[in-house]
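In full-length UniProt numbering, the protein residues as written are 1 to 354.
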């Protein structure tokens with residue numbers, strides 16, 4: 001059937017990116033879809049990947065009783081984040097008995113027999129602390145199942161995009177302008193089929209904006225995308241959440257910043273809850289004290305993040321946010337303490353100090 005339209009929106013989503021590892025396809029693997037279709041946790045699992053989905057699935061399967069090993073190609077977990085964030089995540093996963101190897105080169109995968117164990121051939125650059133594995137060691141690791149969580153790829157294969165004049169980038173994602181219009185006038189795109197952050201809420205935003213722009217009477221009536229500040233959350237326990245610039249991103253952009261870190265051990269609510277895992281880290285522009293970023297590692301850290309996201313959107317300074325009332329014995333009080341920490345030593349403050 002051939003359909004005709006004045007305007008078209010491409011919203012074909014994405015699927016798991018499967019690395020080109022010898023034997024992987026033949027051995028069979030689980031993605032985030034199949035993991036949630038399991039009737040019971042495997043006895044042992046190896047997770048390929050070290051970002052959002054990989055970490056969430058690794059902890060989930062571990063808490064369901066599986067012996068879990070994470071193999072990450074990059075030197076760190078969450079490699080685009082600051083080292084203190086990556087190190088904290090690795091520490092807490094290790095504390096739960098999850099083995100994490102980073103700097104890994106995966107040479108091949110083989111399944112011993114139908115339904116049998118999976119053997120993964122790897123070289124480990126930075127082995128799990130206390131594992132007895134030496135740096136650069138080549139290992140044959142055996143597991144009941146293998147989970148592939150190495151990222152997502154836009155579903156554009158078979159669309160005939162290039163023939164139609166719709167440009168794709170090097171990873172197959174649709175290229176759009178600020179109005180979400182592709183290189184073919186009248187054709188727009190939204191969601192995971194684009195390069196960038198693949199979140200439910202960004203896809204919903206893009207879908208609504210692409211539809212509005214497609215129906216606009218003229219190009220001058222179209223609205224441009226505006227992602228910043230874009231909050232995100234990794235749903236591990238503790239959660240990892242961020243918005244705006246990290247310390248590293250500010251340095252790469254040439255922005256002079258100050259950084260304040262409030263450990264959860266300085267927050268009365270965390271002490272009362274007996275869970276002081278993590279920290280709140282704020283980044284402000286040095287010239288005017290305007291907040292430009294935050295990273296939170298904490299139980300329900302995503303909930304803590306939103307007041308900072310609003311503050312960044314409103315262009316608030318750390319001084320302004322520190323001067324606002326934050327109820328005592330709430331985790332959000334930690335944001336106030338982090339703001340105060342730019343200029344004062346938190347260890348010398350009383351519990352309700354300003």
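Every residue gets a Cβ at the ideal spot worked out from N, C-alpha and C, and that includes glycine.
Rounded to whole angstroms, how far is the Cβ of residue i from the Cβ of residue j, which I believe are closer than 8 Å?
i	j	result
residue 193	residue 12	5 Å
residue 8	residue 186	7 Å
residue 361	residue 35	The chain is shown from 1 up to 354; residue 361 falls before or after that span and cannot be answered.
residue 41	residue 61	6 Å
residue 283	residue 311	Their Cβ separation, rounded to whole angstroms, is 12 Å, which puts residue 283 and residue 311 out of contact at 8 Å.
residue 182	residue 163	No, residue 182 and residue 163 are not in contact; Cβ-Cβ is about 13 Å, not under 8 Å.
residue 334	residue 262	5 Å
residue 367	residue 32	Because the chain here runs from 1 to 354, residue 367 falls outside it and cannot be looked at.
Could you please give me the residues that DSSP links to residue i through a beta bridge?
i	result
residue 30	147
residue 258	284
residue 106	122
residue 142	119
residue 263	279
residue 241	233 and 296
residue 152	16
residue 2	According to DSSP, which records beta bridges pairwise, residue 2 is partnered with nothing at all.
residue 181	188
residue 99	69
Going by the CB atoms, is the gap between residue j and residue i shorter than 7 Å?
i	j	result
residue 278	residue 298	yes
residue 108	residue 125	no
residue 86	residue 93	no
residue 235	residue 210	no
residue 289	residue 309	no
residue 101	residue 79	no
residue 269	residue 331	yes
residue 342	residue 260	yes
residue 111	residue 123	no
residue 244	residue 292	yes
residue 165	residue 154	no
residue 82	residue 246	yes
residue 231	residue 305	yes
residue 147	residue 47	yes
residue 241	residue 296	yes
residue 337	residue 346	yes
residue 239	residue 302	yes
residue 315	residue 150	no
residue 224	residue 179	yes
residue 135	residue 198	no
Using the three-state DSSP reduction, which class does residue i fall into: helix, strand or coil?
i	result
residue 111	strand
residue 86	helix
residue 340	helix
residue 393	Nothing can be reported for residue 393, as the shown portion of the chain is limited to 1 through 354.
residue 68	strand
residue 176	coil
residue 8	strand
residue 78	coil
residue 25	helix
residue 93	helix
residue 137	strand
Which residues mark the beginning and the end of the alpha helix (DSSP H) in which residue i is found?
i	result
residue 200	200-214
residue 301	301-313
residue 321	318-322
residue 248	247-252
residue 59	52-63
residue 162	161-164
residue 272	268-273
Starting from residue i and walking both ways along the beta strand (DSSP E), at which residues does that stretch end?
i	result
residue 48	44-48
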